[in-house]
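S.K.: Just so you know, the protein sequences line up as chains P and F, in that order.
Take the position in the first sequence, starting the count at 1, then add 3; the result is the number in the numbering used here.
Take the position in the second sequence, starting the count at 1, then add 2; the result is the number in the numbering used here.
From the three backbone atoms N, C-alpha and C, an ideal C-beta is built for every residue, glycine too.
Only a predicted model underlies this, so the values are computations on that prediction, with no experimental measurement involved.
Have a look at this one before I ask anything.
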Amino acid sequence: MTVEDLRELAEKEQARQAQFEHRILYCSSAGCVSSGCDAVKAELKKAIEELGLTNKCELLGTGCLGLCGEGPLVFVHSDPTLYQHVDAKVARRIVEEHIGQGKKVKENEIDLKDPFFASQTKIVLENMGKIDAESIEEYIAADGYEALAKALTEMGPEEVIGEIRKAGLRGRGGAGYPTGLKWDIVRKGVSDQKYVVCNADEGDPGAFMDRSVLEGDPHRVLEGMAIAGYAVGANQGYIYARAEYPLAIERLKTAIKQAEKLGLLGNRILESQFNFRIDIRIGAGAFVCGEETALLRSVMGRRGRPKVRPPYPSEKGLWGKPTVINNVETYANIAPILRNGSAWFAGIGTQKSPGTKVFALAGKINRTGLVEVPMGIPLKKIIFDIGGGTPEGTEFKAAQTGGPSGGCIPKEHLDLPVDYESLQTVGSIMGSGGMIIMDNTSDMVDVAKYFMDFCMDESCGKCIPCRVGTKHIYTLLEKIVNRQATEDDFALLKELCMMVKETSLCGLGQAAPNPVLSTIRFFNEEYISKLKPATTFNATGEEHSPVTVAKEVK
Amino acid sequence: MVQAEIKNHPSGDNRFKLLDRAITKHHGSGDALIEILHVAQGIFGFLENDLMVYIANALKLPLSRVYGVATFYHFFRLKPQGEHTFVLCTGTACYVKGASEIQKAVEHHCACKFGETTKDNKVSLISARCVGSCGLAPVAVLDNAVSGKMTPNHATELIKQWQEEKKEVAA
Numbered sequence: 004m005t006v007e008d009l010r011e012l013a014e015k016e017q018a019r020q021a022q023f024e025h026r027i028l029y030c031s032s033a034g035c036v037s038s039g040c041d042a043v044k045a046e047l048k049k050a051i052e053e054l055g056l057t058n059k060c061e062l063l064g065t066g067c068l069g070l071c072g073e074g075p076l077v078f079v080h081s082d083p084t085l086y087q088h089v090d091a092k093v094a095r096r097i098v099e100e101h102i103g104q105g106k107k108v109k110e111n112e113i114d115l116k117d118p119f120f121a122s123q124t125k126i127v128l129e130n131m132g133k134i135d136a137e138s139i140e141e142y143i144a145a146d147g148y149e150a151l152a153k154a155l156t157e158m159g160p161e162e163v164i165g166e167i168r169k170a171g172l173r174g175r176g177g178a179g180y181p182t183g184l185k186w187d188i189v190r191k192g193v194s195d196q197k198y199v200v201c202n203a204d205e206g207d208p209g210a211f212m213d214r215s216v217l218e219g220d221p222h223r224v225l226e227g228m229a230i231a232g233y234a235v236g237a238n239q240g241y242i243y244a245r246a247e248y249p250l251a252i253e254r255l256k257t258a259i260k261q262a263e264k265l266g267l268l269g270n271r272i273l274e275s276q277f278n279f280r281i282d283i284r285i286g287a288g289a290f291v292c293g294e295e296t297a298l299l300r301s302v303m304g305r306r307g308r309p310k311v312r313p314p315y316p317s318e319k320g321l322w323g324k325p326t327v328i329n330n331v332e333t334y335a336n337i338a339p340i341l342r343n344g345s346a347w348f349a350g351i352g353t354q355k356s357p358g359t360k361v362f363a364l365a366g367k368i369n370r371t372g373l374v375e376v377p378m379g380i381p382l383k384k385i386i387f388d389i390g391g392g393t394p395e396g397t398e399f400k401a402a403q404t405g406g407p408s409g410g411c412i413p414k415e416h417l418d419l420p421v422d423y424e425s426l427q428t429v430g431s432i433m434g435s436g437g438m439i440i441m442d443n444t445s446d447m448v449d450v451a452k453y454f455m456d457f458c459m460d461e462s463c464g465k466c467i468p469c470r471v472g473t474k475h476i477y478t479l480l481e482k483i484v485n486r487q488a489t490e491d492d493f494a495l496l497k498e499l500c501m502m503v504k505e506t507s508l509c510g511l512g513q514a515a516p517n518p519v520l521s522t523i524r525f526f527n528e529e530y531i532s533k534l535k536p537a538t539t540f541n542a543t544g545e546e547h548s549p550v551t552v553a554k555e556v557k
Numbered sequence: 003m004v005q006a007e008i009k010n011h012p013s014g015d016n017r018f019k020l021l022d023r024a025i026t027k028h029h030g031s032g033d034a035l036i037e038i039l040h041v042a043q044g045i046f047g048f049l050e051n052d053l054m055v056y057i058a059n060a061l062k063l064p065l066s067r068v069y070g071v072a073t074f075y076h077f078f079r080l081k082p083q084g085e086h087t088f089v090l091c092t093g094t095a096c097y098v099k100g101a102s103e104i105q106k107a108v109e110h111h112c113a114c115k116f117g118e119t120t121k122d123n124k125v126s127l128i129s130a131r132c133v134g135s136c137g138l139a140p141v142a143v144l145d146n147a148v149s150g151k152m153t154p155n156h157a158t159e160l161i162k163q164w165q166e167e168k169k170e171v172a173a
């Protein structure tokens with residue numbers, strides 16, 4: 004396939020879509036699948052056939068429509084209307100009344116002017132609710148693979164990297180390392196073989212951004228990876244996906260096959276000299292494999308244990324060769340940057356953190372789901388405008404970002420702009436984008452214990468501070484929760500946290516104490532109130548308790 | 003001893019043909035160990051000791067490597083599972099929305115802990131890190147079907163249904 008063929012295919016597909024007066028899109032992401040979208044799909048299809056609307060109306064499954072908590076969701080594209088809680092009965096009414104008679108089904112309609120939709124800026128999620136998640140033609144019709152074509156025909160590898168650097172794109176996996184810089188190091192590395200790896204091991208509990216992107220728009224990730232391969236001089240890519248995401252893996256497999264068939268992956272892509280293949284590697288449930296060196300070892304079929312860096316994977320990665328490793332969302336940003344130019348991207352978000360970030364909103368919040376917002380947006384806006392605040396009768400207490408490596412942000416810091424640096428100032432991290440909202444029913448010491456339980460279990464055991472330290476931190480937290488701990492234990496806990504943070508080998512251990520430290524910082528009184536007085540002995544050897552620590556503090 | 007076991011397998015059990023096919027697809031490369039273990043677990047349900055011996059030989063890897071990898075990752079099981087699986091998500095969103103209540107109720111009902119199988123071998127209780135359906139928290143996965151907005155009562159009801167349906171068949 005040549006570039007002209009690609010554009011012809013896009014036009015043909017656009018013309019095909021234009022034949023239909025209506026396009027009904029049902030959300031086919033895992034969230035809505037669990038809410039029963041299959042039955043909805045079947046009923047929509049049946050109704051369209053029975054009413055003889057097959058020539059007028061197209062039915063397709065699209066990527067995540069955002070409001071996962073209100074699924075199954077159905078979107079009527081021609082006359083933009085989003086329906087929530089759709090069951091078979093509502094599905095039939097949508098076809099009969101909305102499509103057939105032009106009357107919307109008011110009871111299930113969601114107002115698209117609601118801040119949940121109006122406050123979002125979509126780059127990564129731009130195709131959600133627009134295209135069929137399993138059709139490469141639809142992706143191409145929506146300017147898909149146009150960026151790859153542009154890179155291959157009009158730009159040299161340096162130019163591609165130059166654009167990404169100018170755009171200021173930073174790694175969306177959490178650490179925020181400049182993507183262009185990373186690519187440049189790999190490009191300059193001298194080697195007969197280089198690799199491109201996509202980290203789709205979304206291990207943070209409470210995060211499902213990458214899953215939604217892979218399920219809803221897999222070609223976007225493939226295109227980003229192919230561009231990365233072209234820029235750095237790699238001909239082989241690997242996607243390391245979680246075994247817990249079977250639907251995403253299935254869609255990726257389909258997407259790779261489709262792209263290979265059209266000559267958009269494989270040998271001589273778009274009739275150029277560039278070859279690039281992508282294989283999927285399926286993880287097997289180890290949180291530490293989100294750490295890049297551990298992930299690479301896992302791709303090579305080993306135990307996922309991290310290595311000391313440097314050398315970084317960009318110098319010595321897979322099989323000792325220079326390797327680019329980025330997160331799903333980072334790759335998903337590449338094609339739009341090349342299509343629209345670096346200046347466009349740099350104009351969104353903040354100067355230091357350009358672009359958007361996808362967050363998975365969950366927990367005690369009215370609207371749970373997937374949102375994409377410009378960087379630098381105040382936390383308050385995400386939680387209260389977009390998320391609709393905490394359910395009635397409860398009070399917002401903290402937002403947890405960054406999963407087990409992040410921290411809890413209390414209500415005093417709600418005005419904080421959401422970008423890499425600001426979140427660090429309050430002891431949390433951007434992380435991959437999970438945002439869990441907690442209300443006043445959550446006990447913060449128990450929250451810290453929950454995360455420590457996670458880190459303790461997921462520690463790979465290679466370095467002692469992490470292997471033994473997390474266990475002892477957990478035991479101390481358990482003691483506090485059970486009201487068995489004294490002030491000395493609390494002091495030891497703080498000391499131990501610093502030790503584990505400073506001496507662990509990899510990011511897992513270094514960040515493991517963050518949830519504890521951040522809850523101590525903002526919710527110290529919850530810890531203090533659970534301490535029991537230290538038992539001391541007076542001069543005569545009798546046991547006595549001094550004034551309780553809690554009282555002293557007051 | 004070990005050698006004899008291996009020889010007996012391919013002749014008796016056709017499932018090994020499927021496994022061999024996967025090994026050939028990966029050119030018998032030791033780097034594909036995790037892929038092969040996925041396939042093996044998919045075919046056999048769990049990774050028996052002699053199955054790991056077979057894989058180690060086929061991939062020309064030390065058995066310690068195969069066992070090391072199989073035990074490192076949560077996904078691989080070295081013991082057979084019950085007829086049904088009840089996977090409870092213990093992700094943050096589910097935790098905040100009360101997954102631990104469900105855990106307690108289910109453990110009480112089944113008289114076994116998560117990570118174990120009921121005595122009658124009907125139901126395996128498994129805890130998952132996060133299944134990524136946080137919008138529907140708390141979530142459980144019942145025999146591969148994700149079920150959201152779970153409650154302790156509903157969870158035990160569903161498990162009861164499994165247990166009773168088995169009794170009917172037996173009767």
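1) Taking just the CA atoms, how far does P/K319 sit from P/R190?
2) When you check each C-beta in the region 100 to 133 of chain F against every C-beta of chain P, which residues fall closer than 7 Å?
3) Given that P/S38 touches chain F, what residues does it touch there, using C-beta distances under 8 Å?
4) Does DSSP put P/N278 in a helix, a strand or coil?
5) Compute the minimum distance between the beta carbon of P/Q196 and the heavy atoms of the ligand SAM, and state whether it is under 8 Å.
6) Between which two residues does the alpha helix (DSSP H) carrying P/C40 extend?
7) Please state if the CB of P/C509 and the CB of P/I328 are separated by a distance shorter than 9 Å.
8) Can you name the residues of chain P whose CB is closer than 9 Å to the CB of F/H86?
9) Name the chain P residues whose beta carbon is nearer than 8 Å to that of F/S135?
10) From the DSSP output, in three-state form, read off P/C60 for me.
11) Check each candidate in P/N278, P/N238, P/Y198, P/K355 and name the one with the smallest Cα separation from P/R173.
12) Assuming contact is defined by CB atoms lying nearer than 9 Å, are F/K124 and F/A139 in contact in what I supplied?
13) Could you tell me the distance, in whole angstroms, from the CA atom of P/W322 to the CA atom of P/G66?
14) Would you be able to state if there are at least three C-beta pairs under 8 Å between the region 357 to 367 of chain P and the region 209 to 224 of chain P?
15) Pick out the complete beta strand (DSSP E) segments inside the region 77 to 155 of chain F, 3 residues or longer, and give them in chain order.
16) Between P/M3 and P/V193, is the Cβ-Cβ spacing less than 9 Å?
17) May I have the straight-line CA-CA distance separating F/A60 from F/Y69, to the nearest angstrom?
18) For F/H29, count the other beta carbons within 10 Å of its own beta carbon; 16 or more makes it buried, fewer makes it exposed. Which is it?
19) In angstroms with no decimal places, state the Cα-to-Cα distance between P/A338 and P/E24.
20) Starting from the C-beta of F/E7, find all residues in its chain whose C-beta is less than 6 Å away, skip the five residues before and the five after it, and write them out in chain order.
21) Determine the direct distance from the alpha carbon of P/R284 to that of P/G307, and round the result to whole angstroms.
22) I want to verify the contact list: residues of chain P whose CB lies under 7 Å from the CB of F/L35, in sequence order.
23) Whose CA, out of F/L63, F/G117, F/E109, F/R17, lies closest to the CA of F/F77?
24) Is there at least one Cβ from chain P nearer than 9 Å to F/Y97's Cβ?
25) Expressed to the nearest angstrom, what Euclidean distance is found between the alpha-carbon atoms of P/D282 and F/L65?
26) So, are the CB atoms of F/K115 and F/P154 less than 9 Å apart?
27) In chain F, which residues lie less than 7 Å from P/R214 when you measure between Cβ atoms?
28) Under 9 Å Cβ-Cβ, which residues of chain P neighbour F/G30?
29) Taking the alpha carbon of P/D220 as the reference point, which residue from P/K256, P/A13, P/S425 has its own alpha carbon closest?
30) Within 10 Å of its beta-carbon, does F/D15 have 16 or more other beta-carbons around it, so buried, or fewer, so exposed?
31) May I have the straight-line CA-CA distance separating P/R254 from P/A13, to the nearest angstrom?
32) Give me the Cα-Cα distance between P/L341 and P/N278, rounded to the nearest whole angstrom.
33) Please report the straight-line C-alpha distance between P/P83 and P/S138, rounded to a whole angstrom.
34) Output needed in chain order: residues of the region 445 to 477 of chain P with a Cβ under 7 Å from some Cβ in chain F.
35) Report the rounded CA-to-CA distance for P/Y142 versus P/D135, giving the unit in angstroms.
36) Report yes if the C-beta distance between P/S301 and P/A289 is below 9 Å; otherwise report no.
M.R.: Walking through what the data contain:
1) 13 Å
2) A130, R131, C132, V133
3) Within 8 Å of the CB of P/S38, the CB atoms of chain F belong to L138, G150, in sequence order along the chain.
4) coil
5) Here there are no bound small molecules, and the ligand SAM is not part of this structure.
6) Element bounds for P/C40: 40 to 53.
7) no
8) The premise fails here: F/H86 is roughly 18 Å from chain P at the closest Cβ pair, so nothing lies under 9 Å.
9) A33, G34, S37, C71, F211
10) Reduced to three states, the DSSP call for P/C60 is strand.
11) Ranking P/N278, P/N238, P/Y198, P/K355 by Cα distance to P/R173 puts P/K355 first.
12) no
13) Their backbone Cα atoms lie some 35 Å apart in a straight line.
14) yes
15) 86 to 91, 125 to 130, 142 to 144, 147 to 149
16) The displayed coordinates of chain P run from 4 to 557. Any statement about residue 3 of chain P would go beyond what the structure contains.
17) 14 Å
18) exposed
19) The alpha-carbon atoms of P/A338 and P/E24 are separated by roughly 29 Å.
20) The pLDDT assigned to F/E7 is 43, lower than 50, so where the model puts this residue is not dependable, and the model offers no usable value.
21) 13 Å
22) G304
23) F/G117
24) yes
25) 26 Å
26) no
27) G134
28) Those within 9 Å of F/G30 in chain P number zero; the least Cβ separation is about 12 Å.
29) P/K256
30) The residue in question, F/D15, is exposed, as its Cβ has fewer than 16 Cβ neighbours within 10 Å.
31) 21 Å
32) 20 Å
33) Roughly 21 Å between the two C-alpha positions.
34) Cβ proximity to chain F below 7 Å picks out S445, Y453 from the region 445 to 477 of chain P.
35) So the alpha carbons of these two residues sit roughly 8 Å apart.
36) yes
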